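Protein chains in written order, with my numbering: chain A, 606 to 768; chain B, -14 to 482; chain C, 0 to 346.
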Amino acid sequence: MKWGGKILNIALFLFALGYVWQGFSYSRTPRLFPLMVGIPMLFLTGFQTVIDFFPHLSKKYAEMGTLDAEMLAGRAKSEVKEEDPKRTQKELEAFLWLGLAVALIMILGIFWGIPLFIFVFLKLRYARGWVLSLSLPLGTLLVMYILFIKVFQIPLYKGLLLE
Amino acid sequence: MIDAALEGMAMLFTIKSMLFMFLGISVGMVFGAIPGLSGQTALAVLLPFVLGMEPVTAMALLLGAHVAVEYAGSISAILINTPGTGQAIATCWDGYPMAQKGEAARALSISATSSALGGLFGFVVLVAFIPIMKITLMALASPEYFITAFVGLAFIVVLGGGSLIKALISGGIGLMIAFIGLDPMTSVPRFTFGQLYLWDGISLIPIVVGLFAFPEVAMLMAKGGSISRIELKGSQWGLIWQGIKDTFQHWGILLQGSAVGAVIGVLPGLGGTVANLAAYGLAANTSKEKDQFGQGAVDGIIAPESANNSKEGGDLIPTIALGIPGGAGMAILLGAFVMVGLTPGPDMLTTGLKYTFAIAWILAVANLLTTAIGLLFCAPIARLSFLPVYVLAPTIMAVCLVGAYLDGNEIENVFLAVGLGFLGYMMRRTGYPRAPLIIGVVLGGIVERYLHMSLKLYGGLFFLRPISMFLIAIIVLTIAAPVIYRKRMKAAAGVTR
Amino acid sequence: MKLKRFFLFFVAVSLLPLSMVYPPSLWGQTEAEQLKWYHDKTINLIVPHGAGGGFDIYARLVAPFFKKHIPGVNIIVQNITGAGGLRGRNQVYTARPDGLTIGFTTGAGMIFSVWSGLEGVQFDLRKMNYLGRIAYESQVLALSNRGPLKSFQDLKKAGRPIKLGFSGVGSDDYYTTAIIASYFGYKTDPITGYSGSREANLAAVRGEVDGVQVQASSLMPLFKSGDLIPVLTLAYKRDPELPNVPTAIELAETPEAREIALAMTNIFVVDRLFFAPPDIAPSRLNFLRRTFDKIVDDREFLEYANKAKRPVDPLKGEEVERLVREILKVGEQKIQPLVREIAKQAR
C-alpha cells in the first residue's frame, strides 16, 4: 500500500476543498459550522499530504499523539506480522464481490438477490460442495421469509426487475 | 412510598406479565442483533398487540424488548465489528479485537454483565430521582447539552492513538458528514445537490457498516481462516466466567460508565448513541488499561455497555415525570402509556406511583433476565467467530447490506455503505483512525444545534451558568486527575532511580 | 320509422367514444367485483411519520380493519420518514393508481409544504385523492408558566418579539404561529433547532422559550399541572377540556383577521387523513372511500380507538376534497404569499 496513503491524503484534501467551496455558497447561519470545520480541515489535509512525501517528517508526526512512544512500541509488538505480498489485491477483491452483491440486490431485490449472491460466492469463489452452496442460501431465504414477511411484515427492496 | 414499591412489584410478578416480558426480550434480541433494525421498529411492531392489555403487562412486553435491544446490539458488534444499533458502536472497538483473540465468549459475557449492572444502576437512579425529577429537568438546558456534546468531541483526541493530525482529520470528516442535510436552524439543504435522499443527512448504520464491517470482511477474505485468529479450544464457559469476574473486578469503570449513561439519559435529546461514545471516551482517558484500548481492553467494553443500559433509567425520568420522551424509544413508550390508560405527568408520582415503581421494577428485572439469557447463549454465539471465512464473508456482507437498507428503508444506503466501506478500508490501511469519524458524525449535529441555541437564548457567556460550570469542573477533574497522578508517579520513580 | 332507426344509430355511434373513455369494465364495478379484486392482494399503507408516533398509531389501529372489511386482503404499514414527511407523501403520489397504495398523514403539513415552495414537492393537492379524515387535533398556543407572559393579551403588551420553540423551519406550527401573530398584532422570534417538538415543549416548560404551539391532547397533562398555559386554540369551538381558552376566531378583532383565523382553522381541520394517488379509477376510489366510512362506523373499531384514547371524528373523502379546494382557493391568495415570505426570511 505504498501509494494508497498518499492517494487518500490527496482525496481528502480535494474533498475539503470542494466542501469549503460549496460552503461559501450558503448564507450566514447555515455556513457557519461547515466552514468552521472545513477551513481548518483544508490546512490539516494539505499539511498531511505534503509531509507524507517526506518520510522522516511523516514519521515524526505520526507519533505525535496521545499515546507516547512507549505505548506505541508495545502495540507494534502485538500486531500480527504481515507476510503476504498479494494482500492488497486479495482485499480489494472482496470489494468486487460486494459490488456483485449490490448489483444482484438492485436487479432482483433483497429477497432473491442475497441468496443468489451467497450461492455464487460459495460455489465460484470458494468452490464448496453443492450441499453447503445450496443449504446456506436456502437457509437465508427461510430466515428472511419468516422474519420479514411472516412475522414482522417489514417490506424489503424489490429490485428493478420486479418493481 | 414503600407500599407503592411493593404494589408495583406484585403487579409485575404475575405469570402473564413475566411471559410477555420474555416475549418482548426475545423480539428485542432479534431486532438488536440485526444491524438496521432498530429498537424503535421493534416497539412499533409490538405496539398493536398492546391494545387492551393491562398496563403492567404491556410495559413488561415493551420495556423488555427495549432493554434487550440495548444488549443485543453488542452481539454483532463483538462478532462482526458492526453494531446492531447505534448504541453499541463503541463496543466494536474493543469487543471485536477480543473476538479476534479467540475470546468472543468473554467479550459477550462482559457485555451481558455490564449491561445488567448498568441497568441496575439506572434503576436505582430512577427510583432515587422520583422525588426530584422535575427540578432536575428544569435545571438542565441548552448550554449543558452543548458542553456534554462538545466534551465528547474533545475525546476524539484521545481516541486518536498515534497520529494526532490524522485523528483530527478523521473527526473533521465526521463533522463534515454530519452537516450534510437540512440545516437544523434554517432548514436550508446543505451539500445535498438536489438529492431528496440526503435531506435528512446520512444515516448512521450505513456509515458504521461501511467503515467498520466491510474492511474487516476484506481483510478476512485476504487472510483466510476465521474471525478468531486462534483455534476453537473446547468449552467456552471458562471464558464466560472470566468475563463475569472481569466486570466485577473493574467496578470503577463500571460505576463511571453507568454514571455517564444515567446523566445522558436525563438529558432528552442526547441518545444512547451519545451515551456509549461518551462513556468510552471518558474511560479511554481514565482507565488503567488505557494503552490497551482498541486492542481488546476489558474496560473498553464495560464502559459503553453499562452506559447504554443505565441510560434507560435516566430516559424514563422525563418520560414519566412530564410526559416528554427522554429518547426515541421513549416516544413510543409514551404512546403505549396513553393507550393503556396511564397518563404521564404528576399523576404518575402520586396516584400512579405504583405504576412508576412497576416500571422501575420491570427495568431491573428485564435487565437481569436479558443478561441471564445472554449469558446462556454466549457459548453458541461465540462459536460463530470460529466459522470459516467462506461462510462468514458472504453472511456478513449480506447482513450488512440488508441492514444498511433497513435503516430508513432507503436503497441508496446500500451504495453509500459500499462506498464508505472502501473509504474505511483505505483509512485502516493508511493509519487514519476511524473512531473519531463516528464521533464527529454523531455529535456534529448536536453540537451545532445547541451552540446556536445557547448563544441565541443566553448570549455569549452562556457557560457561566452554575450547572454548566459544575459540569466543566467535573470533566476537567476526571481527565486531569490521572494525568497528574501519573506525572507524580513518574517523578517519584525518577527520584528513586 | 326511418327517423327512429337513424336516432338509434346516432345514439349507438356517440356511445362508442364514450366507452373508450370509460371502458365497460370500470363502469360501476360493483362492490362485489371490487372485493373480489382485492382478494389476496396487498395494500401498502405508507405513513410518512416515525414508527410508533401519533400518526403511526392511528394508521396501525385502522389497518386491521381494512382486512376486516375487505376479506382476503393483506395490508402492510410502511413508515417512510424523511424530509419531514415529503418522501413518503411523494411516494404515495407517484405510486401506481391501482388502489393498492394509500397513505396517512396530516393535510396541514402537505398544504404548507406546497405553499412555502419547498423544493422536491411532487404532489398537486388538487389532483390528490382523499379517502377520508379520521380525526383532527385542535392546535393550542401555550405559554410557559415560568415566564412573565400569562395570557393572550400579554402577548400584545409584551413590547418584544415572543420567543417560540420549534423543531425546524417548515413545520406547520412555524408558519401558523407567524401568520396568526402578524394578523393579531404581535411578533414572534422563532427559536429553531430543537430536535423535536417534545424537546421544544420541554424548553417551554423550563422557561427557556416563551411558548410553543402544540396539539391539545398530547400536552393536556402539562396544562393540568399548570406548567404550560394555553392561551389560544385553533378550532371551530372551544376545546371541552379547556373551556376557558378562546378560539382564534373569537379573538379576531378585524374581519380580515377573522377570515385568516377561519382559514387557518380549516387547514388543521383536514388533519389526519387517508390519501391516495391521483387518477384512480372512480369506482375503485369510491370503494376505498366507502370502506373507510364503514371502518369509522364500525363499533369494534370505535371501541379499540377509545381504549387507545384516540379520538375519532370522521369526515368523508368527498368532504375533505371539497374543504381542501376551498382552503387552496382562499389561501393561495391571502396566505400563500405570507408563507413564502416567512420561508424566505428564515434563510
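Even glycine gets a Cβ: it sits at the ideal position worked out from N, Cα and C.
Note that the structure is a prediction, hence the values are computed from the model and not measured.
For L327 (chain B), no CB of chain C lies under 8 Å from its own CB, so it is not counted at the interface with that chain. Under the three-state reduction of DSSP, A262 (chain C) is assigned to helix. DSSP, read as helix, strand or coil, puts V213 (chain C) in strand. Within chain C, the C-beta atoms nearer than 7 Å to that of Q758 (chain A) come from I75, in chain order. The alpha carbon of V61 (chain C) has as its nearest neighbour, out of C:G49, C:G71, C:I75, C:H48, the alpha carbon of C:I75.
Closest by C-alpha distance to T105 (chain C), out of C:S115, C:H68, C:P310, C:D171, is C:D171. Here Y435 (chain B) is near A134 (chain B), since their CB atoms are less than 8 Å apart. Using a Cβ-Cβ cut-off of 8 Å, V642 (chain A) counts as an interface residue toward chain B, since at least one Cβ of chain B sits closer than that to its own. With at least 16 other beta carbons inside 10 angstroms of its own, I347 (chain B) counts as buried.
For I79 (chain C) against I45 (chain C), the beta-carbon gap comes to about 6 Å, under 8 Å, which counts as contact. Interface residue (Cβ-Cβ distance to chain B less than 8 Å): T634 (chain A) is classified as such. The C-beta of A94 (chain C) comes no closer than 8 Å to any C-beta of chain B.
For the pair L2 (chain C) and G102 (chain C), the Cα-to-Cα distance works out to about 54 Å. The beta carbon of R434 (chain B) sits closer than 8 Å to some beta carbon of chain C. Between the alpha carbons of I179 (chain C) and A256 (chain C) lies a gap of roughly 8 Å. A Cβ-Cβ separation of about 7 Å places V35 (chain B) in contact with L46 (chain B) under the 8 Å criterion.
Bounds of the alpha helix (DSSP H) holding Q90 (chain C) are 85 to 92. When the alpha-carbon of V259 (chain B) is set against those of B:M333, B:I74, B:G21, the nearest one is in B:I74. The beta carbon of R86 (chain C) is closer than 6 Å to those of I79 in its chain, skipping five residues each way along the sequence. For F274 (chain C), the enclosing beta strand (DSSP E) stretches over residues 271 to 275. P63 (chain C) carries a helical assignment under DSSP once its states are collapsed to helix, strand and coil. A contact is defined here as three or more CB-CB pairs under 8 Å, and the segment 183 to 193 of chain C meets this definition with respect to the segment 436 to 450 of chain B.
Residue-level contact check: T187 (chain C) does not touch chain B, since none of the beta carbons of chain B fall below 8 Å from its beta carbon. Straight through space, the alpha carbons of V283 (chain B) and W226 (chain B) are spaced by roughly 14 Å. Residue contact check for K306 (chain C) against chain B: a CB pair falls below 8 Å. Not a single C-beta of chain C is nearer than 8 Å to the C-beta of A18 (chain B). The secondary-structure analysis by DSSP pairs T41 (chain C) across a beta bridge with C:N73. Sequence-distant partners of K339 (chain B) (beyond 5 residues in either direction) whose C-beta falls short of 6 Å from its own C-beta, in its chain, are A(-11), E(-8), G(-7).
DSSP places V230 (chain C) within a strand segment (E or B) once states are collapsed to three. Its chain contains I279, R283 as the residues whose beta carbon lies nearer than 8 Å to that of D97 (chain C), once the 5 sequence neighbours on both sides are disregarded; these appear in chain order.
Interface with chain C (8 Å Cβ-Cβ cutoff): I192 (chain B) is excluded. For I326 (chain C), the secondary structure class from DSSP, reduced to helix, strand or coil, is helix.
Per the coordinates, the alpha-carbon of A349 (chain B) lies some 15 Å from the alpha-carbon of F114 (chain B). Residue range 338 to 368 is occupied by the alpha helix (DSSP H) that includes Y340 (chain B). Residue environment for H38 (chain C): exposed (fewer than 16 other C-beta atoms within 10 angstroms of its C-beta). Residues of chain C with a Cβ closer than 9 Å to the Cβ of G157 (chain B) do not exist; the shortest Cβ-Cβ separation is about 22 Å.
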